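What follows is a set of notes on a single structure, which appears directly below.
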Amino acid sequence: NYMMYIKSQIIILAACLGHSLSFTGLVPPKSNNNGHLLRIPKQQSESGMMHRRQKHNYKTPSSSALNALLDPLLLSADLSPPLASIDSVRLAFSAATFFPQPLWGLLILVPNTGITKKVMGGLEIITICSLIHFFIVSASIIDNSGATAPVEVFNGVFDPSGDPQASFMTLVKYPNFVSEEWSHVLTWDLFVGRWIWLDGLRRGIFTPHSVLLTNLIGPPGLLLHLVTCLVTGKGLPGNEAEELDLENDEE
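Just so we're aligned, residue 642 is where the sequence shown starts under this note's numbering, counting upward by one.
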């Protein structure tokens, strides 16, 4: 893939150079007896080139001939960067799917252990998942294989005068959109599941059932956690912004 990408760039450069030379009236510079480069006038250079072509039976390819030569090569070359291939996005899709699963296991099965607190206590894991998602987005933007949905289709999702649901169903037909949306959802599910786990540690609330449901279907897991808070008498989580203001005032 890398060699094909490099070859395609060389082909494009050659095409540009060929077209540029066809518009100039100059031949490669010659030097005079003093060693200085001379620029040969257009009329003189053309007559000299005609004489050499007749002598050696050589024909300089015209612009159309050059296009005929290069077009098949350009059509057969994949001009998108190697990392923007469908295979790389497919690999990132798998990474976004399977990388978080053992981490969910830590939050659900052993939420109070030191290893879970060490691994999930910071934002490192969420950052890795976000980078995977960012890679998928970046690769989709520069991909030219047809796997990325047109912008106008995406805009239709946010057009209240049209049919947003139908537009979204059209988007799902594009592999890159499916990969982006899936990794998007999984990353934020893990972010919310981690917050539920932290709230449970902070206030002594049982959370494995809520974290599990968050992993399975997302927002209902958060609702289950809030119900658990009420049933256990712990109350709903407070306003964290106001709590920070109070802490700052006390300091």
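For each residue, glycine too, the CB sits at the ideal point set by N, CA and C.
Treat the numbers as computed from the prediction; the structure is a model and nothing was measured.
Item: Cβ neighbour criterion (16 or more within 10 Å) applied to residue 741; Value: buried
Item: Cutoff 8 Å; reference residue 769; Cβ partners in own chain excluding five residues on either side; Value: 740
Item: Residue 859: CB within 7 Å of a non-hydrogen atom of the ligand MN; Value: The ligand MN is not part of the structure shown, which contains no ligands of any sort.
Item: Counted within 10 angstroms of its Cβ, other Cβ atoms place residue 843 as buried (16 or more) or exposed; Value: exposed
Item: Selection from 750, 795, 737 and 820 that minimises the alpha carbon distance to residue 812; Value: 795
Item: Residue environment, residue 881, which counts as buried when at least 16 other CB atoms sit within 10 Å; Value: exposed
Item: Residue 826 classed as buried or exposed, judged by whether at least 16 other C-beta atoms fall within 10 angstroms; Value: exposed
Item: 4-residue-minimum alpha helix (DSSP H) runs that sit fully inside the stretch 723-796, ordered along the chain; Value: 727-739, 742-750, 755-761 and 765-783
Item: Counted within 10 angstroms of its Cβ, other Cβ atoms place residue 754 as buried (16 or more) or exposed; Value: exposed
Item: Reduced DSSP secondary structure (H/G/I, E/B, other) of residue 808; Value: helix
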